Each structure stands twice: as C-alpha cells, then as structure tokens.
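All the letters of the sequence shown, read from the start, carry residue numbers 0 to 931 under numbering that gives the first Met the number 0.
Shown next, in structure tokens, is the structure this report addresses.
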Amino acid sequence: MTKLTDKNIRSQFLKMLFAIVFVFSIVILGFYVYVKSTNEHLSQQREELSDKAKIVSSMEESFSDIFFRARGYYAFKNNDELQQLYSGLNLFEMQLKDFGRLDLTVEELELYDRLETFTITYREQILPEAIGYVETDNYEALQQLSNGGANSLVNEFIAYAKEYNNQTEVSITQLFNEIIEQAQFYTLLYIVLGAGLLLVIGLIMQRVISNLILPIEKLTAATNSFVTGHYVDINVVREREDELGALARSFYDMTISIQDKEEELTTQNEELTAQQDELQANQAQLQTSLNQLEKFNKLNHVLTFTLDKQQLLTNLHTYVRDVYKFDTSILYLVDTQDFSVKGMTEQSAHQLMRNLHTDKKVRLEEEKSFVIKREMLQGHETIAQQSYFMYDLYTAVLNSEGKLVAVMMATREGHMFTNQELLDINGLMNQASIAFERIFMYEEVERSRKLNQKIIDTVNEGIQFVSKVGEVVVMNQALSGIIHAPTYEKYEHTTQQSWLQHFQAIVDEPEAIMYFLKNAIIEDFGDTRTMRYRISQSLSAASFIEVYATSVYESDAKIGTMFVHRDITAEYEVDQMKSELVSTVSHELRTPLSSILGFTELLLTKELKQERQQKYIETIHKEAKRLTNLINDFLDLQRMESGRQTYTMEPFVLGALADDIIKNFQHEKNHTITLTNEAMNDRIIGDKERLTQLFINIIGNAIKFSPSGGEIQVKLENKVDQVVISIQDEGIGIPKDAITSLFQKFKRIDNSARRKIGGTGLGLALSKEIALQHNGTIWIESEEGEGTTVFVGLPLHAQQSIKHFHEQAPQDKQGNYVMIVEDDLSSAILLAEELKTKGFLVLYQDDPQKALEEALHIPLIGIVIDLMFGDKMKGWDLVHELRAHEQTKDLPIVISSALDEAKEKVEQYQITKYFTKPFMQEELSRVLLAAK
Ligand code: ADP
Numbered sequence: 000m001t002k003l004t005d006k007n008i009r010s011q012f013l014k015m016l017f018a019i020v021f022v023f024s025i026v027i028l029g030f031y032v033y034v035k036s037t038n039e040h041l042s043q044q045r046e047e048l049s050d051k052a053k054i055v056s057s058m059e060e061s062f063s064d065i066f067f068r069a070r071g072y073y074a075f076k077n078n079d080e081l082q083q084l085y086s087g088l089n090l091f092e093m094q095l096k097d098f099g100r101l102d103l104t105v106e107e108l109e110l111y112d113r114l115e116t117f118t119i120t121y122r123e124q125i126l127p128e129a130i131g132y133v134e135t136d137n138y139e140a141l142q143q144l145s146n147g148g149a150n151s152l153v154n155e156f157i158a159y160a161k162e163y164n165n166q167t168e169v170s171i172t173q174l175f176n177e178i179i180e181q182a183q184f185y186t187l188l189y190i191v192l193g194a195g196l197l198l199v200i201g202l203i204m205q206r207v208i209s210n211l212i213l214p215i216e217k218l219t220a221a222t223n224s225f226v227t228g229h230y231v232d233i234n235v236v237r238e239r240e241d242e243l244g245a246l247a248r249s250f251y252d253m254t255i256s257i258q259d260k261e262e263e264l265t266t267q268n269e270e271l272t273a274q275q276d277e278l279q280a281n282q283a284q285l286q287t288s289l290n291q292l293e294k295f296n297k298l299n300h301v302l303t304f305t306l307d308k309q310q311l312l313t314n315l316h317t318y319v320r321d322v323y324k325f326d327t328s329i330l331y332l333v334d335t336q337d338f339s340v341k342g343m344t345e346q347s348a349h350q351l352m353r354n355l356h357t358d359k360k361v362r363l364e365e366e367k368s369f370v371i372k373r374e375m376l377q378g379h380e381t382i383a384q385q386s387y388f389m390y391d392l393y394t395a396v397l398n399s400e401g402k403l404v405a406v407m408m409a410t411r412e413g414h415m416f417t418n419q420e421l422l423d424i425n426g427l428m429n430q431a432s433i434a435f436e437r438i439f440m441y442e443e444v445e446r447s448r449k450l451n452q453k454i455i456d457t458v459n460e461g462i463q464f465v466s467k468v469g470e471v472v473v474m475n476q477a478l479s480g481i482i483h484a485p486t487y488e489k490y491e492h493t494t495q496q497s498w499l500q501h502f503q504a505i506v507d508e509p510e511a512i513m514y515f516l517k518n519a520i521i522e523d524f525g526d527t528r529t530m531r532y533r534i535s536q537s538l539s540a541a542s543f544i545e546v547y548a549t550s551v552y553e554s555d556a557k558i559g560t561m562f563v564h565r566d567i568t569a570e571y572e573v574d575q576m577k578s579e580l581v582s583t584v585s586h587e588l589r590t591p592l593s594s595i596l597g598f599t600e601l602l603l604t605k606e607l608k609q610e611r612q613q614k615y616i617e618t619i620h621k622e623a624k625r626l627t628n629l630i631n632d633f634l635d636l637q638r639m640e641s642g643r644q645t646y647t648m649e650p651f652v653l654g655a656l657a658d659d660i661i662k663n664f665q666h667e668k669n670h671t672i673t674l675t676n677e678a679m680n681d682r683i684i685g686d687k688e689r690l691t692q693l694f695i696n697i698i699g700n701a702i703k704f705s706p707s708g709g710e711i712q713v714k715l716e717n718k719v720d721q722v723v724i725s726i727q728d729e730g731i732g733i734p735k736d737a738i739t740s741l742f743q744k745f746k747r748i749d750n751s752a753r754r755k756i757g758g759t760g761l762g763l764a765l766s767k768e769i770a771l772q773h774n775g776t777i778w779i780e781s782e783e784g785e786g787t788t789v790f791v792g793l794p795l796h797a798q799q800s801i802k803h804f805h806e807q808a809p810q811d812k813q814g815n816y817v818m819i820v821e822d823d824l825s826s827a828i829l830l831a832e833e834l835k836t837k838g839f840l841v842l843y844q845d846d847p848q849k850a851l852e853e854a855l856h857i858p859l860i861g862i863v864i865d866l867m868f869g870d871k872m873k874g875w876d877l878v879h880e881l882r883a884h885e886q887t888k889d890l891p892i893v894i895s896s897a898l899d900e901a902k903e904k905v906e907q908y909q910i911t912k913y914f915t916k917p918f919m920q921e922e923l924s925r926v927l928l929a930a931k
C-alpha cells in the first residue's frame, strides 16, 4: 500500500480548512473588538452629555427656586420662605459641586468659577444684607440690592442653562447620526467579507473538482469499461500520490489479477461444460431407460392383470414397436382377427392378415420367429438415393399346444435385427402367450357363467345360492320378480344381513321365514327343507311362495345353501277352491239328494195319502230345482270365465228392470224390500237377463244372510257418469278381512252361524263377472252384526234417446218435465241430480236440433240451455226456434253458459234467467220452481 505523504487529500484539505478558519477568526475577532470599543466610546459620550444636561437643568431649577423664594421672603417677610431659600441654596451648592466634578470645557469651568463665587457672595454678603433690609423694611435699599450685579448673573446662568440644553440635544443628534454612519460602514464591511468568503469557497470547490471529482469519474468509467470488457487509460490518476492514486493503482492491479483469473476460470468453465454435456447425455440415456422401464412395467401389469385382449394387443404392440423401432408393424390374433397396427391403414392390415401364407404360419409354429431380408432397389417406389435392405420380422405367440395364437409382422428399413433383439422379442412373446391363455380362459369362464345365468334365468322358480356366511352368490331374474328385489346384478354379493332385512320387509309374518332361512344357512342338512311364506298384500295381491332349501357340498364340506322359491299362488288358490268346492258339494249336493232319495223311497215303499204324496213330490221337485240351480250356476260361471257366454247388450232404463225384479220378491214374509229410484229415467246399456241374474243373486244373499228378517233397501243413484245400485240389508254382516275374497269361486265364510245357511259360493263370483262384462264395478261395505251393502256401478248411457221418452211420455203427461240441453255430460248430470231431488223429471239432450223436436212434442215446464255446442254457438239458434213456435213461445228458458250475459238477447227472447257457470244448482231449482 502506498504511504500517504503530506500530499494526501486529507492533510491538504485539513490545512486549507485550518487556514480559512484561522483567518476568518482573526478578522471577526478584530472586527468585534473594534466595533465594541467604538460603541462603548459613543455610549459614554452620550451618558456624559445627558448627565451634564441633567445637572445643568436641575441647577437651573434650584437657581430659579432660590430667587423665587427670595422674592417671596422679600414680599411677605415670611421666614418659611427664607428657610426654603437656604435649603434651595444648599441644594444648588451641592449640584454645583457635582457639576464641577464633571469633565468641563473651558467656558464651563469659567461659568463654574463665577457661580461658585456668586454663591459665596450671595450667602455671605447679598443675602444677609437683603435680610437686614427686609427686617428694617428698607425696600428701597432692597430694590437697589436686587438691581445690583446679582441679577445679571442669575439671568446669565439661566440663559446659559437653556443654551446648554439646546446644545446637548444637538450633540445627541450628532451622536445618533454618527452611530448610523458607523452601522452602514459595518454592513458594507460584512458584504465585502461575505464576498471574500464566497470567493475562497469557490476556489476551494474548483480545487475539489479538479483534484477529486474528475479523477473519481475517470476511475468509475474505468470500472464500468472493465465490466464490459473495454480498457480506459487511468495512468494520470495512477501517478498521483494521494489516496486516489493509491485507489487507481489498486484498481489497476485488480484488473490485471481478474484478467488472469478470468482466463483460468474460462478454462475451468470449458471443462465443466464438457462434463455437464456428458452428464446430460447420461441423463438422457437414463431417462430413456427409465421410460422404457416404465413402459415395460405397464406392459407387465397389463400382461399380468388385464382381461381385455384388445388392450393386451395394443399395449404389447406399442411397447415392442417403440423399443425396437419398427417402421411398420402389425400384431393380430389369429382366431378373432383383433389387431393393432402402426404405419399402415386398416385396410392393408386386413389384407395382410388374410394373405399370410400357410407356409409362413407353419414356419412360425416351428421356428416361432424369423427375419427375411430383402433389397430395396433405387427406383420410383423409394425416395432413397441408393438401394438398401429391408428386414421383415415374423414372430408368433404360441399356445401351450404349440398352435398359433397371435402373429406379429414388423419391418425395419436398413436396420437389421440383432440376435439379442430377437431373443428379447421371443421372450416377450412367451410372456404374452401366458397372458392370452389367461384371457381366453377368463372369457371361457365368463361365457359359461353367462350361459349358466341365462339358463337359471329361464327357470320360473326363484333360485338363490347363498354362501356359508350368508352372502348371495347367485340368483336369477325370477327371484327378483318374486321378492320384489332389484335385478340380480345389483342383488348379487349382498350380505346376509341386507337381503334378510329386505325379506323381512316384504313378507307377512316374517319371524318363521327368517328362522327358516337363517337356520338353513348355518346348519348342515342332507335332505331338503320346505317352508311357505306370503308376500305382503300391500305389494301384490297375496303371493304364496314355497321355498326349498338344500345344502350344497364340495368335497363333503358344505359351501353354501341353495334356495328355490316357487310362486304357488295359483296352486294355493286352486287348493282353496278345491276344499271349498268339496265342502259345498258335500253340503249342497248331499242335502237335496238325501231329501230326494228319502222322499222317493217313502213314495216307493209306503202307501201314502194323496195330499202327502203331493207334498212329497213338491219337496222332491223343489230340491231337484235347487240342484239344477247349483249346476246352472256352476255351468254359467264356467261359460262366462271361458268367454263362451254371449251378452245381448241394449239400452234400457234400469229403474224399470229393478222394479220388476223386486216385485218377484214380494212374497217374502220376513223381509220388506223397497226400491228408491233416484236415477229415474237414466239408461244404461246392458244384458237384461244377466243383470236380472245379478240382482237376484245379491238380493237373494241379502235375504239369506239376514235370517232374522228386516228391511232390504234397493237404491238406484246417479253418480256423475254411472248408475250405482246399492242393496242394503240388516243381516249378519261380513268380517272386514273376508270381504275382498268373497268374489272368488266357491268362497264362503265358514263358521257355524252360516253353515246352516245354504249356498254354493258362486253367487258373488257370478255377479262380479257380470258387472265386469258391463264395464262396471262391484264392491261390498259391511259391518258385522249390523248389515251389508253391496254396490254395483254401471256406466250411464250418454245418448238418452227421444224414442224412449215417447214410450214413457203418455203415461206421465202431467210430469214436471225439464229438459237440459248441454253437450257436456258431467255438467248435465250435475244439474239433473239437483233437479231430480226437487221432484223434476229430467230429460237430457246434447243436440239442439233433436232438443227442439223433443220440446215441440213434450209438455215441458222449463228448458235449460247451454249456448256453446263444441265450438259453435247453437244455443241462441235453439232459443230463437223455440220462441218462433207456437207450442214453446212462452216456455221458460234458462241459460247456463260459461259466456258472459248478453243483455239485449236476454231481453229480446225473454230469458227467465241467465246463469254464468259455475253457479249453485239450487238456484236453478229455485228459478224453475218459481217459473212452474
Ligand atoms: P253363497 O251365497 O252361495 O254362499 P255367494 O258367492 O253369493 O255364495 O256369497 C259368498 C259368501 O259371502 C256367502 O257365503 C256369505 O258368507 C257372504 N255373503 C254374501 N252376501 C252376504 C250378505 N248380504 N250378508 C252377509 N254375508 C254375505
């Protein structure tokens, strides 16, 4: 490091700074001393002047006071005044002494002397003399004394004092001016000094710039240039002997050393780059190997696990062609022709597969793989500049019997196959062979599984195989139907708990079947167990199922349980029916037969009176008839059920038929039968004979099952679009849970109270069949011990024909006929219901033209007309026509319409009432009653 000498920047600047501080300190100190002394001198002068002025002025006051007191004394001879005169004189003498001590001018000294002399004279001569005159009242002498020299001195002093005061003021003003001048001078001096200072600072700055900043800039530029690799000459700076010189020299040394290092580093860097390249190459190789390994791993996974042969084909092919860099290749399955290709169209692939020569196949089976080398001559088929070789690889996947499973054909252009490559590819093909065999085996198993499933699905019985732990292993479609379970795909592999839970939810009385199923699963039993259960009625109308359970064994160990569920509902019902039939037949056949036999024996063996004979024959006849009825019923039902029964359908008024039938029952002694016909003239379409049979069956039952007699009410009602017949008795009633089953053939309630009441159990079955044939319904409401009502609903015949009215009209000319002309049957029925309850006879028409014809023939008491028929406003036309005819010109007309009221028409045609739908039907009755 360069030793810093006196020329170093720090000492130079310290010296300069010291000199400036020193010079300026001296100047400022001198200036300060000078200004201070001047100021002191001036203020001393001022003080002296003002002191002198003060003393002179107080002397003047004392002087005047003396003479003022003297005059007072002279005038009044007052001793007080004289006293004060003396004290004034004393004061003056003191003041004069003070004055005499001041720095006095010559004139002032002279005045001082005179005043001193005067005071002495005045005290010692004049005043005693004057006192003497006053004492003696010698005022003349006193006058003369006053006019003596004393007075002139006094006046002279007063004048002097005044003059002195004036002079003092002038001197003070002068002094002030002097001070101002001095201040201006100092200001100027300050400016000069400031300018000097600035100059000095400027000089210093200039030196700093040239000596410090410029070299530093040079150094900075050199540093920057060095960074960018350029050279800047800093020799001038280097030659300096100060710190900058040292810095420049250090910098220079540093650049030299860096340049040396840089070269070294560049060499090292090159070395490193070379190493890195090598590493990268290694890494790329590693990456490739890793990728290869990953692919192989994936392939291995596929080879081991996949069950999809297309996936295996694709993966194997992709792997081999990637690793062995085939230009074109195909891998395909010989049997199914599934394939994977690269570098050719699907069409060419198919062609290649088709055209593989048998010789090649044979060779493949023998050699497993071989390569064919062929020369590609330079020509129009290639873009190569010269001839080269193509290498075709043929390799195969063979099965364990040495038969071809898959073939791979691959081509490499100008790139032969090494022995190692061929060995590796063969190895892969062997692995693939195992994988393909596994897949084929799986497919075979799957095929047979599906076949088995199809077979068991065709079975009508529900089949369910359950493992030892109760899990469903196999089940069929039929079972899912029987037990209302999801299809077997979803149901298979369900745990014991979940399928048993399902069972529990769907069966009636689940305890027994749960016990049966659970035991069958855990117990080891050689025979077959059977159990019956019933699917809940809320799910389906009573399904009776029989389940068989059998243990399934494998090498003497139970592996599960086979359950076969069989729907035995039909059998069960037949069984039921059979037992019912047997009991019916035994009773219903035996009773009349035994009577017939008994009475005929009597007739044959005994001599009987005429009347007796007659009576017995009548009984035999009655019983034979009973038998005939039974057989007829049975045959009727057979006929109906087999569809052989013919029905003669025609429209008729049900009320009339009911009336006729009831008349036939009038001979009943214990029962009163009444008919309430609210349907009046409503008509249905039906077979009168069959409906009569239905009525007789139901009324017969009502009589039979109310052994204590009572009233039987037959009622016809109009309910919207059907006539509902109800037959109500006050008999023994029916238990609630038995009601629905009574419509089955031979079904009877079997208890002692009823056994006495005969019957076949066919009546209700027949009635139901008849009702169904009329598109009707039948149902029973009953309360045990209180009575039963059987209802039959039959559809109403929409077109009430005028013909029918004419048949009826003559008998009822005086009737309260009201006609409803309306195209909506429901609306019409609603109005008719209301009118009927109020005693009107209601006619219905849905065609205005027919309504007019009818109205002209029948004495109506009113007509209710809807305005819209379909989309036509025919209502007003009808009204117009009615008003135009003599017979109907005054007929009360009520309009019932969804349209708003048309006032002018209402007035024009004298409409009785215009109802806008919807309206209260009672209103209509009220209006018609009023119009009657
Ligand atoms: P049958 O009357 O010949 O026995 P049905 O089929 O007519 O056969 O009736 C079946 C059963 O329904 C009857 O055995 C009876 O138990 C019951 N049943 C039918 N109608 C009535 C009724 N009105 N009151 C009580 N039980 C009735």
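Note that the Cβ used here is the ideal one computed from N, Cα and C, for glycine as well.
Here the structure is a predicted model, which means the values were calculated and not measured.
In whole angstroms, give me the CA-to-CA distance for residue i and residue j.
i	j	result
LEU95	GLY131	27 Å
VAL473	VAL465	7 Å
TYR109	ILE27	Just to set this straight, residue 109 is Glu in the shown sequence, not Tyr. Cα to Cα, the separation comes out at about 46 Å.
PRO809	VAL841	With a pLDDT of only 40 at PRO809, under 50, the local geometry of the prediction cannot be trusted, and the value read off the model is given with reservation. If you take the alpha carbons of PRO809 and VAL841, they lie about 16 Å apart.
VAL551	ILE731	55 Å
LEU815	HIS884	In the sequence on display, residue 815 carries Asn and not Leu. So the two alpha carbons sit approximately 21 Å from each other.
GLN496	GLN463	15 Å
GLN712	ILE661	10 Å
LEU243	PHE17	22 Å
MET343	ASP326	10 Å
PHE515	MET530	7 Å
GLN291	VAL458	54 Å
SER740	ILE756	19 Å
ALA477	PHE435	36 Å
ASN234	PRO214	11 Å
LEU834	GLN727	25 Å
SER826	MET818	13 Å
TYR163	HIS40	22 Å
GLU123	GLN44	37 Å
HIS805	PRO650	Note that HIS805 scores a pLDDT of 40, beneath 50, so its modelled location is shaky; the value from the coordinates is reported in the next line. Whole-angstrom Cα-Cα distance: 15 Å.
According to DSSP, which residues form a beta bridge with residue i?
i	result
ARG373	MET389
ASN935	Lying outside 0 to 931, the shown extent of the chain, residue 935 is not represented and no answer is given.
GLN844	VAL820
GLU768	None; GLU768 has no bridge partner.
PHE932	What is shown of the chain runs 0 to 931, which leaves residue 932 out entirely.
HIS670	GLY709
PHE868	LYS871
Assuming residue i contacts residue j under a Cβ cut-off of 8 Å, what Cβ separation, rounded to an integer in Å, is found between them?
i	j	result
THR560	ALA519	5 Å
ALA160	MET58	7 Å
ARG237	TYR251	6 Å
VAL370	LEU392	5 Å
MET648	ASP686	6 Å
Identify which residue in the options has its Cα closest to the Cα of residue i.
i	options	result
VAL546	ARG565, TYR72 and GLU833	ARG565
MET576	LEU141, ILE748 and GLU900	ILE748
SER593	ASP574, GLU606, TYR615 and ALA657	TYR615
LYS837	GLU139, LEU928, GLU688 and TYR33	LEU928
GLU216	LEU246, ILE203, VAL817 and GLY195	LEU246
THR493	VAL468, GLY480, HIS483 and ILE481	VAL468
GLU460	THR599, THR254, THR549 and ILE544	ILE544
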